[in-house]
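**Student:** Per full-length UniProt numbering, residue 1 is the first one in the sequence shown, and the count goes up by one each step. Beta carbons: idealized from backbone N, C-alpha and C, even for Gly. Computed from a prediction, not measured in an experiment: that's the story for all the values here.
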Amino acid sequence: MAKNLVIVESPAKVKTIKKFLGSNYEVMASQGHVRDMPKSQLGFDAEHDYEPKYITIRGKGDILAKLRKEAKKADKVYLATDPDREGEAISWHLSQALNLDPKKMYRITFNEITKSAVKESLKNAREIDMDLVNAQQARRMLDRMVGYRISPILWAKVKRGLSAGRVQSVALRLIADREEEINAFVPEEYWTLDADFLTEGSKKPLQAHFYGTKSKKLTIKSKEEMEQIQKALEGVSYKVTEVKTGERVKKAPLPFTTSTLQQEASKTLNFSTQKTMSVAQQLYEGVDIKGSGTVGVISYLRTDSTRVSEEAAKAAHDYIASTYGENYVSAGQNQKNSGKKIQDAHEAIRPTDLSRTPAALKDSLTREQFRLYQLIWKRFAASQMADAVYETSSVKIDGGDYRFTMSASRVTFDGFMSVYVQEDEKEGDSRLLKGLSTDTVLKLKEFESKQHFTQPPAHYTEAALVKTLEELGIGRPSTYAPTITTIIARRYVSKESKNLYLTELGEVVNNMMKKAFPSIVATDFTANMEGLLDCVEEGTVNWKTVVENFYPDLEKAVEAAQKELEQVKIEDEVTDVVCEECGRHMVIKYGPHGRFLACPGFPECRNTKPYLEKIGVPCPKCGKDVVLRRTKKGRKYYGCENNPECDFMSWQKPSAQKCPSCGSYMVEKGNKLVCANETCGYVMPKKKDE
């Protein structure tokens, strides 16, 4: 009997696929990449057509030896690595490292690890797609250029162990820009006015919201304006001038892509992007299900396509019709057309079998696997179901020259919402608006006025950063999790609760990158580079053209930066703090968590202590100095030097100036000073010498 060898990436897939294919097939794992450019050098020759140099990755020699031995015995070798650029490149590297005969070598891909999908892939075996391989090679070399040429400058400028990256540096810039927006944001006061009305014979009031005049919407900006409006409304009569009823359709959600899965898992399950991808990988590679053995329960997890195969859609529609009823089945495929190139060979992330419900698998999955599988199952089921329908009603109420409005809605057909409702989809109840008609006279019960202040932009969360990177076209599904993991691991960014905050180290690195390598951290440049890589994948652009157009400009920027940064290299700043162990004046040094005091006598004297930078402002609570401090994760804040006896702290830099309105302390917001007392909200320009 003919003997065939199937090579996959992950050892976790071996047992499952072997079971599907039977004794005529040997299944082995490469355990990821087997070749890469050497770590000790740039890895390509810019003088000779940018030809990359590949060597066997350390530790992979034994794996390759075993694969070679089996490949020689096999009549056919099937390369079954993941169905994306990276997987295609691994297959190509395997073909080179194993010196496979092209006549007996086949490339196969499957979007899910199920018996039917794996068997079908063997019928559709093909050659290695060199356009995909070259797109991966170009990406690898571009990342190598940025990392290997710029990182040493960061080492010289700040400290060893730092790194720059083509996507990572842009992500850092986005977080830094958001931090600047937040720090410069000056809140503006506004007021809301609600009115409780009673209809004849009713005891339960209807609450309406102030709209403005009959002709235009108004924003109430001060207490004085609010009082003027309430005075004008004294003694006026109120009546309903318009009642509108209608129907609103809420569309079923799209199935998950990598990005939307990461976002939703972060919001609803509190999973980091890294955790989401790790658990999804387990579900894709296979879990042991009682009665079925090991089987992959979701489709491939790295995709930016919302497409669903006809077979999967039909199976889903059959399941929905039998479980929920024919009227719950979607009329057509729910798919997004973004207009940009997406990896449409892939499908959206979905369960491999919709009839395998979360409840049925609960005993076979870990808690984390169950929660993520349930999210994917519900989202996919919802995407194949009919839209939800609401009955809506809106009412306009006029009194004097002003207008109030009410609106509400209720579900008349739940459709996909019988399976999947997102947290922010809470709807009102229109039963309260029944019985109202034009010219209905209302009696005012009471007004409720509230003061508010506009809020600054929110700090990025992992989910929000992934969404922004995707919208700007930066990176690809496989890069989001490692990018965020890297900037947190390098301590450029700290994560507190769900929010990402720029650290002092991140600020230094970002400012340096913006000054010396503005194009690298420009969002449009990075997005355009992704577009070029897509063109390489399509076969319309030569991959070496992309590389040779990028490298010379980078080299010029590196040379210029080396000269400039030598002039501004940070020297240790000597302080007046005396080392209690040896008597020398301590110096300020940079560490992973920011600045600290160290003895210049190192290594003879290893004394260190926290560096508390005084900002020249007395503590509003006890009068001692306010100092710049950092949380354990590196986020900057201002506190009293007398901590813990004095508990004063502020995220914004306090000013010595007192608020002329309420006497509270002021904080700096860009070029303005804002009262720290939120109920006051006084704002004044900052003096130039502050």
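#1: Go through its chain and collect everything with a Cβ distance to residue 478's Cβ below 8 Å, but skip five positions before and after it.
#2: In the DSSP assignment, what residue or residues form a beta bridge with residue 407?
#3: For residue 550, count neighbouring Cβ atoms within 10 angstroms of its own Cβ and tell me buried if that reaches 16, exposed if not.
#4: Going by C-alpha distance, which of 241, 382, 61 and 462 is nearest residue 255?
#5: Which one of 139, 280 and 90 has the shortest CA to CA distance from residue 545?
#6: What do you get for residue 288, buried or exposed, if any count of 16 or more other CB atoms within 10 angstroms of its CB means buried?
#7: By how many angstroms is the C-alpha of residue 116 removed from the C-alpha of residue 309?
#8: Report buried or exposed for residue 619, applying the criterion of at least 16 other Cβ atoms within 10 angstroms of its Cβ.
#9: By alpha-carbon positions, which one of 163, 16, 452 and 556 ends up nearest to residue 190?
#10: Given residue 70, which residues of its chain have a CB within under 8 Å of its CB, disregarding the five upstream and five downstream residues?
#11: From this set, 492, 470, 297 and 219, which residue's C-alpha is nearest residue 503's C-alpha?
#12: Examine the Cβ distances between the segment 380–397 and the segment 232–245 and report whether three or more of them are shorter than 8 Å.
#13: Is the beta carbon of residue 349 sitting closer than 8 Å to the one on residue 320?
#14: Starting from residue 513 and walking both ways along the alpha helix (DSSP H), at which residues does that stretch end?
#15: Please classify residue 623 as buried or exposed, where buried requires at least 16 other C-beta atoms within 10 Å of its C-beta.
#16: Quick one: what does DSSP say residue 607 is sitting in, helix, strand or coil?
#17: Using the DSSP secondary-structure output, state which residues sit across from residue 191 in a beta bridge.
#18: Using the Cα positions of residue 506 and residue 128, report the straight-line distance between them to the nearest angstrom.
#19: Return the chain-ordered ranges of every beta strand (DSSP E) run that is complete within the UniProt domain "Toprim" (3–113) and spans a minimum of 3 residues.
#20: Is it right to say residue 228 is buried, meaning 16 or more other beta carbons lie within 10 angstroms of its own, or is it exposed?
#21: Excluding the five sequence neighbours on either side, which residues of its own chain have a C-beta within less than 7 Å of the C-beta of residue 369, listed in chain order?
#22: Tell me where the beta strand (DSSP E) around residue 210 begins and ends.
#23: Less than 8 Å between the C-beta atoms of residue 547 and residue 134, yes or no?
#24: From residue 230 to residue 678, what distance separates their C-alpha atoms?
#25: Tell me the DSSP secondary structure of residue 589 in three-state form.
#26: With respect to the alpha helix (DSSP H) encompassing residue 169, which residues constitute its N-terminal and C-terminal limits?
#27: Near residue 417, what residues of its chain come up, given a Cβ to Cβ distance below 6 Å and the 5 sequence neighbours on each side ignored?
#28: Quick check on residue 651: buried or exposed, where buried means 16 or more other Cβ atoms within 10 Å of its Cβ?
#29: Short check: CB of residue 151 to CB of residue 164, under 8 Å?
#30: Which residues bound the beta strand (DSSP E) around residue 244?
#31: Tell me the rounded alpha-carbon separation between residue 390 and residue 412.
#32: Got a sec, what are the start and stop residues for the beta strand (DSSP E) residue 574 sits in?
#33: Pull up the DSSP beta-bridge partners for residue 637, would you.
#34: For a test of the three-state rule: what should DSSP assign to residue 157, helix, strand or coil?
#35: What does the alpha-carbon distance come out to for the pair residue 9 and residue 414?
#36: By Cβ distance below 7 Å, which residues in the same chain neighbour residue 60 in space, the five residues on each side in sequence not counted?
**Tutor:** Taking the coordinates as given:
#1: These residues qualify, in order along the chain: 84, 86, 258 and 302.
#2: 394.
#3: When all chains shown are included, residue 550 counts as buried.
#4: Looking at the Cα atoms, 382 is the closest of the given residues.
#5: It is 139 whose Cα lies nearest to the Cα of residue 545.
#6: The residue is exposed, with fewer than 16 neighbouring Cβ atoms inside 10 Å.
#7: A straight-line Cα-Cα distance of about 14 Å links residue 309 and residue 116.
#8: Under the 10 Å beta carbon count, residue 619 is surrounded by 16 or more other beta carbons and is classified as buried.
#9: Considering only alpha carbons, the answer is 452.
#10: Within the same chain, Cβ atoms closer than 8 Å to the Cβ of residue 70 are found at 5, 26 and 28, the five residues on either side in sequence being excluded.
#11: Ranked by Cα distance from residue 503, the first of 492, 470, 297 and 219 is 492.
#12: Taking one beta carbon from each stretch, the segment 380–397 and the segment 232–245 have 3 or more pairs nearer than 8 Å; the two touch.
#13: Taking 8 Å as the cut-off, the beta carbon of residue 349 is found no closer than this to the beta carbon of residue 320.
#14: That run of the alpha helix (DSSP H) goes 504–516.
#15: Counting Cβ neighbours within 10 Å, residue 623 comes out exposed, since fewer than 16 surround it.
#16: Coil at residue 607, not helix or strand.
#17: Residue 191 is bridged to 220 and 451.
#18: C-alpha of residue 506 to C-alpha of residue 128: approximately 41 Å in a straight line.
#19: DSSP runs (the beta strand (DSSP E)) wholly in the UniProt domain "Toprim" (3–113): 4–8, 25–29, 76–79 and 105–107.
#20: Of the residues assessed, residue 228 falls on the exposed side of the cut-off, its CB having fewer than 16 other CB atoms within 10 angstroms.
#21: Hits under 7 Å: 279, 282, 283 and 287.
#22: In the DSSP annotation of this structure, the continuous segment of the beta strand (DSSP E) that includes residue 210 starts and ends at 206–213.
#23: No Cβ-Cβ contact shorter than 8 Å links residue 547 with residue 134.
#24: Rounded to the nearest angstrom, the two C-alpha atoms are 24 Å apart.
#25: Collapsing the DSSP output to three states places residue 589 in a strand.
#26: Under the DSSP assignment, residue 169 falls in the alpha helix (DSSP H) whose first and last residues are 168–184.
#27: Its chain contains 388 as the residues whose beta carbon lies nearer than 6 Å to that of residue 417, once the 5 sequence neighbours on both sides are disregarded; these appear in chain order.
#28: Label assigned to residue 651: exposed.
#29: Yes, they are a contact pair.
#30: Run containing residue 244: 238–250, per the beta strand (DSSP E) assignment.
#31: Straight-line spacing of the CA atoms in residue 390 and residue 412 works out to 5 Å.
#32: In the DSSP assignment, residue 574 falls within the unbroken beta strand (DSSP E) covering 573–578.
#33: Bridge partners of residue 637: 629.
#34: If DSSP states are grouped into helix, strand and coil, residue 157 belongs with the helices.
#35: Approximately 43 Å between the Cα atoms of the pair.
#36: Cβ within range, chain order: 34.
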